[in-house]
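Note that UniProt numbering numbers the sequence shown so that position 132 is 132, with each residue one more than the last. Virtual Cβ for every residue (Gly too), placed ideally from N, Cα, C. Notes for the one structure printed next.
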Amino acid sequence: MELTCKWITLANRYYYMYLAKALAPYGINTSQYLFIAVLCREPGITQDKLPERIGINKSNVTRVLAQLEEAGFIRRESNPQDKRTTTVHPTQRAYEAYPHIMKVVAEWDAATTSMFSEEEKQTLQALLRRLAQSAREYRGQGEARTGGEVEEG
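This is how it looks when you write it as structure tokens:
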């Protein structure tokens, strides 16, 4: 039996190749696009919520936010409710890029799932959501199962 992860990894690799080319004119790389999308939908989210929301570790969040801040896509502020935390806000540049990001993502989704019926698409999404939840719970080999829902980007 073939490993499921082989096909998921291959599809993901092609997706990131497509994204890299499609988002380059906007000055956005594949590490940054999801941050911009999340921040435009949730302006003012605290920086400490981003690792779980996006599914990457804290050090990568810090690095990508620094890149986005330097490029003028975001600004960080001390949280008025809790001075120990930082809130992250999209700039006008991020809001201008956001529709382009969503268009690129939607075009990829439409093109790569066009051979499926609507019912098959719904089934595929449900299965992939469950797979992502399982992967989230299993990461770290033996980490306690959280039972939480996987956030969509």
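For the pair of segments examined, the stretch 88–102 was found not to touch the stretch 3–16: the number of CB pairs separated by less than 8 Å stays below three. Here Y138 has no same chain residue with a Cβ atom under 7 Å from its own Cβ, once five neighbours each way along the sequence are excluded. Taking the Cα positions, V104 is about 24 Å away from E70. In this structure, the straight-line span from the alpha carbon of L65 to that of K6 is close to 30 Å.
If you check the CB distance, F73 and I45 do not come in under 7 Å. Under the three-pair Cβ rule at 8 Å, the stretch 55–63 does not count as touching the stretch 109–116.
By the CB criterion at 7 Å, A126 and C40 fall outside the cutoff.
As DSSP reads the structure, E77 sits in a beta bridge with T87.
Just so you know, the alpha carbons of T85 and A106 end up roughly 33 Å apart. Bridge pairing for I45: V88 [DSSP].
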